[in-house]
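The sequence shown: position 95 = 90 (the working numbering), numbered continuously.
The structure appears below as structure tokens.
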Amino acid sequence: MAAWDAARRLGLIDPVFLPPLSDIIAAGWQLAQTGELYDDVSASLLRALSGFLISVALIVPLGVAVGWYARVGNLVNQFIEICRNTAPLPVLLLESASCRRSRW
């Protein structure tokens, strides 16, 4: 935090990109007082928890099927091998873009 404050005070970083810590704390306190912080945090937690539950609901039965049936295992293994050859950065960028569009 000392480096953060020093970089800001020395003018190494524009305050638009890295605002002072005191401004961030004050804005956080204001959001907590108005209740907006609770709304934003609860929406984020709901989104994360629902994504986790959906993935568990889909992947656990698929994992059981892969372990139980060799044909399902071979089919899923082919898909995994295709995905393994995909570069992760473009997939991450596509996912990020799709998440940004879904908020609007």
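We put the beta carbon where it would ideally sit given N, CA and C, even for glycine.
Remember, predicted model here, so these are calculated numbers, not experimental data.
| query | result |
| --- | --- |
| CB-CB length for Gly23 against Leu32, believed under 8 Å | 7 Å |
| Alpha-carbon to alpha-carbon, Val71 and Leu48 | 21 Å |
| Distance, Leu40 Cα to Gly30 Cα | 16 Å |
| C-alpha gap between Ala27 and Leu13, whole angstroms | 21 Å |
| Spatial distance of Leu88 from Ala(-3) (CA atoms) | 33 Å |
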